[in-house]
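Number of protein chains: 2
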Amino acid sequence: MAQVDYPEPVRALISHLRQLPGIGPKSAERIAVWLMQQGGGSTLLFAEAMQRAASLVFECGTCGFFSTEEHGCAVCDGNQRDSRVLCVVEQPTDILPLERSGAFRGHYHSLRGRISPLDNVGPEDLRIGALIERLKSGVFAEVILALSSDVEGEATANYLGEILAGFPGVEVTRLAQGLPAGGGLGNADELTLMRALQGRVGL
Amino acid sequence: MAQVDYPEPVRALISHLRQLPGIGPKSAERIAVWLMQQGGGSTLLFAEAMQRAASLVFECGTCGFFSTEEHGCAVCDGNQRDSRVLCVVEQPTDILPLERSGAFRGHYHSLRGRISPLDNVGPEDLRIGALIERLKSGVFAEVILALSSDVEGEATANYLGEILAGFPGVEVTRLAQGLPAGGGLGNADELTLMRALQGRVGL
Numbered sequence: 018m019a020q021v022d023y024p025e026p027v028r029a030l031i032s033h034l035r036q037l038p039g040i041g042p043k044s045a046e047r048i049a050v051w052l053m054q055q056g057g058g059s060t061l062l063f064a065e066a067m068q069r070a071a072s073l074v075f076e077c078g079t080c081g082f083f084s085t086e087e088h089g090c091a092v093c094d095g096n097q098r099d100s101r102v103l104c105v106v107e108q109p110t111d112i113l114p115l116e117r118s119g120a121f122r123g124h125y126h127s128l129r130g131r132i133s134p135l136d137n138v139g140p141e142d143l144r145i146g147a148l149i150e151r152l153k154s155g156v157f158a159e160v161i162l163a164l165s166s167d168v169e170g171e172a173t174a175n176y177l178g179e180i181l182a183g184f185p186g187v188e189v190t191r192l193a194q195g196l197p198a199g200g201g202l203g204n205a206d207e208l209t210l211m212r213a214l215q216g217r218v219g220l
Numbered sequence: 018m019a020q021v022d023y024p025e026p027v028r029a030l031i032s033h034l035r036q037l038p039g040i041g042p043k044s045a046e047r048i049a050v051w052l053m054q055q056g057g058g059s060t061l062l063f064a065e066a067m068q069r070a071a072s073l074v075f076e077c078g079t080c081g082f083f084s085t086e087e088h089g090c091a092v093c094d095g096n097q098r099d100s101r102v103l104c105v106v107e108q109p110t111d112i113l114p115l116e117r118s119g120a121f122r123g124h125y126h127s128l129r130g131r132i133s134p135l136d137n138v139g140p141e142d143l144r145i146g147a148l149i150e151r152l153k154s155g156v157f158a159e160v161i162l163a164l165s166s167d168v169e170g171e172a173t174a175n176y177l178g179e180i181l182a183g184f185p186g187v188e189v190t191r192l193a194q195g196l197p198a199g200g201g202l203g204n205a206d207e208l209t210l211m212r213a214l215q216g217r218v219g220l
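Chains A and B are the protein sequences, given in the same order.
Just so we're aligned: the first sequence equals residues 18 to 220 in this note's numbering.
Just so we're aligned: the second sequence equals residues 18 to 220 in this note's numbering.
Following this line, the structure appears as structure tokens:
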């Protein structure tokens with residue numbers, strides 16, 4: 018007797034779900050079954066949302082954030098922004114938390130990733146060429162590297178540091194490292210404490 | 018200055034993704050960004066797979082498995098099945114592992130869930146009425162309760178046990194509980210060992 022399996026449309030859906038980041042084979046199966054059990058209407062609305070996002074949203078050629086217009090975006094076109102400061106982030110998702118902090122009102126540049134040899138991501142996969150083009154305009158006086166404080170983030174910061182040395186008029190800074198807000202010393206790991214000590218500031 | 022946020026189509030996609038089982042707000046954002054970065058073509062194919070699954074796949078009215086036909090399914094219509102044995106499972110996903118075990122060649126009945134007051138799932142939400150209708154046909158000599166060995170599975174088994182007592186011609190059995198294959202005694206928890214001892218069989 019032939020082995021019983023899911024109908025082909027369900028198998029195709031599962032194989033698409035498995036490609037999503039953080040979704041394993043078991044989760045993909047569970048999500049597919051959940052979608053099937055929601056009834057067709059709700060799943061069709063979901064598919065439509067996906068199609069709308071895929072067709073209507075572009076990557077801003079300047080900063081790398083999402084935009085519904087082919088040129089420009091809500092971040093780059095916002096007025097009252099300090100046009101002399103550029104904040105370099107790894108992902109477009111990093112822009113919203115920085116905006117919410119209220120501590121930065123300059124421009125952004127998303128690299129669309131970070132250097133990570135284990136994931137086969139090299140400098141040529143990042144939006145570094147677009148960054149150099151923006152710096153050549155000469156309007157920026159400071160570049161803030163707002164990258165992760167892990168190995169890949171450090172490697173990307175070091176690589177960018179060498180390139181940015183070619184723009185002597187541009188000051189290059191990076192985010193402070195230290196104790197997170199609300200965290201006691203008991204919860205901080207040794208590396209965090211070491212960096213908090215090294216970066217200590219006068220009262 | 019207005020707070021920057023994702024364009025509306027991206028926000029709509031994130032809110033759909035957040036409803037999926039096991040997907041939190043952070044994962045939903047990460048998956049949406051990943052989909053956006055795949056480029057439109059790949060996301061449109063995904064949406065199409067979702068639409069095909071939603072439009073072409075039905076729940077079999079008899080066993081509850083997925084089917085591409087409005088009546089019947091690959092499981093119910095398979096020949097060479099033992100028509101006297103019915104295996105009751107919680108989810109349609111439980112059918113494939115049982116099939117793969119090769120140890121069962123009877124018919125199936127998916128309840129589409131299990132009794133779980135914490136999740137607001139009561140007996141009336143399950144396919145118990147359809148189960149009773151199938152048993153009334155009188156062809157089944159045995160019902161195997163292949164439910165989870167946790168609190169909700171036990172509660173569902175007890176509830177079904179009372180209902181099935183109304184069919185005196187039907188023998189009701191359940192899956193054995195004990196050591197999993199390949200597991201040493203050191204890895205087994207106390208409850209598993211207790212059940213393995215209680216269910217010990219002659220050599």
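We treat Cβ as the ideally placed atom computed from N, Cα and C, and that holds for glycine.
These figures come from a predicted structure and were not determined experimentally.
Leaving out the 5 sequence neighbours to the left and right, which residues in its chain are closer than 7 Å to L34 of chain B when beta-carbon positions are compared?
Sequence-distant partners of L34 of chain B (beyond 5 residues in either direction) whose C-beta falls short of 7 Å from its own C-beta, in its chain, are I40, A45, I48, A49.
I161 of chain B by DSSP, collapsed to three states: which one?
Three-state result, I161 of chain B: strand.
Own chain, CB closer than 6 Å to E159 of chain A, minus 5 neighbours either side, in chain order
Here the set comprises V102, E188.
Ends of the beta strand (DSSP E) at Y23 of chain B?
Looking at the DSSP string, Y23 of chain B is not in any beta strand (DSSP E), and its letter there is neither H nor E.
Taking 7 Å as the CB-CB limit, is I145 of chain B close to chain A?
So no, I145 of chain B is outside the interface.
Taking a cut of 9 Å between CB atoms, which residues from the stretch 46-68 of chain B lie near chain A?
Of all residues in the stretch 46-68 of chain B, only E46, R47, I48, A49, V50, W51, L52, M53, Q54, Q55, G56, G57, G58, S59, T60, L61, L62, F63, A64, E65, A66, M67, Q68 place a beta-carbon less than 9 Å from a beta-carbon of chain A.
Close-in-space but distant-in-sequence residues of the same chain around L30 of chain B (CB under 8 Å, 5 per side omitted)
Short of 8 Å from the beta carbon of L30 of chain B, and not among the five residues preceding or following it, lie these beta carbons of its own chain, in chain order: A49, L52.
Spatial distance of G178 of chain B from L208 of chain B (CA atoms):
Looking at the two C-alpha atoms, the distance is approximately 22 Å.
Using a threshold of 7 Å, state whether the C-beta atoms of A70 of chain B and V27 of chain A are closer than that.
Remark: C-beta atoms of A70 of chain B and V27 of chain A approach each other more closely than 7 Å.
Using 8 Å as the Cβ pair cut-off and three pairs as the minimum, do the stretch 83-97 of chain A and the stretch 60-77 of chain B touch?
Per the Cβ contact rule, the stretch 83-97 of chain A is not in contact with the stretch 60-77 of chain B (fewer than 3 Cβ pairs under 8 Å).
Given a cut-off of 7 Å, decide if L192 of chain A and A174 of chain A are closer than it, judged by their beta-carbon atoms.
Taking 7 Å as the cut-off, the beta carbon of A174 of chain A is found no closer than this to the beta carbon of L192 of chain A.
Mind checking P109 of chain A: buried by the 16 CB within 10 Å criterion, or exposed?
A residue is called buried when at least 16 other Cβ atoms come within 10 angstroms of its Cβ; P109 of chain A meets this threshold and is buried.
Could you check the C-alpha separation between G56 of chain A and H124 of chain B for me, to the nearest Å?
The alpha-carbon atoms of G56 of chain A and H124 of chain B are separated by roughly 25 Å.
Beta-carbon within less than 8 Å of V138 of chain B's beta-carbon, same chain only, minus the 5 sequence neighbours each way: which residues are those?
If we look at V138 of chain B and ignore the five residues flanking it on each side, its Cβ neighbours are G130, R131, I132.
Take G119 of chain A as the anchor and find which of A:L135, A:V218, A:R98 has the nearest alpha-carbon.
Shortest Cα-Cα distance from G119 of chain A to any of A:L135, A:V218, A:R98 involves A:R98.
Let's see if you can read the secondary structure: which residues bound the alpha helix (DSSP H) around L37 of chain A?
Careful: L37 of chain A lies outside any alpha helix (DSSP H) and carries neither H nor E.
Simplified DSSP assignment, three categories, for M18 of chain B:
Residue confidence is low: M18 of chain B scores 49 on pLDDT, short of 50, so the model does not pin down where it sits. Its coordinate-derived value is still stated next. If DSSP states are grouped into helix, strand and coil, M18 of chain B belongs with coil.
Classify T190 of chain A as buried or exposed, calling it buried when 16 or more other Cβ atoms lie within 10 Å of its own Cβ.
By the neighbour-count criterion, in which a residue is buried when 16 or more other Cβ atoms sit within 10 angstroms of its Cβ, T190 of chain A is exposed.
Simplified DSSP state of E76 of chain B, which is helix, strand or coil
When secondary structure is reduced to three states using DSSP, E76 of chain B falls in the strand class.
Quick one: which chain A residues come within Cβ less than 8 Å of Q108 of chain B?
Those within 8 Å of Q108 of chain B in chain A are V50.
To which residues of the same chain is I149 of chain B closer than 8 Å at the C-beta, ignoring the five residues directly before and after it?
Closer than 8 Å at the Cβ level, and outside the excluded window around I149 of chain B, lie I180.
Buried or exposed: L164 of chain A, going by 16 or more other Cβ atoms within 10 Å of its Cβ?
Label assigned to L164 of chain A: buried.
8 Å contact criterion, which L113 of chain A and C104 of chain A should meet: CB distance rounded
So it is not a contact: roughly 13 Å between Cβ atoms.
Which residue comes first and which comes last in the alpha helix (DSSP H) that contains V168 of chain A?
Boundaries of the alpha helix (DSSP H) harbouring V168 of chain A: 168-181, taken from the DSSP string.
Buried versus exposed call for Q215 of chain A [16 or more other C-beta atoms within 10 Å across all chains shown]:
Burial check for Q215 of chain A: the Cβ neighbour count within 10 Å stays below 16, so the residue is exposed.
Spatial neighbours of L152 of chain B within its chain, please: CB distance less than 8 Å, with the 5 preceding and 5 following residues excluded, ordered by chain position.
Only L103, V160, L181, F184, V187 meet the Cβ criterion.
Give the residues of chain A in contact with H85 of chain B, contact being defined as C-beta atoms less than 8 Å apart.
Reading the sequence as shown, one finds Thr at residue 85 of chain B and not His. What T85 of chain B touches in chain A: P24, E25, P26.
Neighbourhood of L73 of chain B by C-beta distance below 7 Å, restricted to the same chain and skipping five residues each side:
Within the same chain, T85 come within 7 Å of L73 of chain B by CB-CB distance, once the 5 residues on both sides are set aside.
Own chain residues within Cβ distance below 7 Å of M18 of chain B, not counting five before or after
Reliability fails at M18 of chain B, whose pLDDT of 49 lies under 50, so the model's placement of it is uncertain and the value that follows must be treated cautiously. Excluding sequence neighbours, M18 of chain B sits near nothing in its chain.
With 16 other Cβ atoms within 10 Å as the buried cut-off, status of S127 of chain B:
With 16 or more Cβ atoms within 10 Å of its Cβ, S127 of chain B is classed as buried.
Can you look up V218 of chain B in the DSSP assignment and give me helix, strand or coil?
In the structure shown, V218 of chain B adopts coil according to DSSP, grouped into three states.
Going by beta-carbon coordinates alone, are A64 of chain B and Q68 of chain A separated by less than 7 Å?
Yes, they are a contact pair.
Looking at the structure shown, is V50 of chain B part of a helix, part of a strand, or coil, going by DSSP?
It is helical.
How would you write the range of the beta strand (DSSP E) that R191 of chain A sits in, first residue to last?
Per DSSP, R191 of chain A belongs to the beta strand (DSSP E) from 188-191.
So what does DSSP say about L103 of chain A, is it helix, strand or coil?
Strand, per DSSP.
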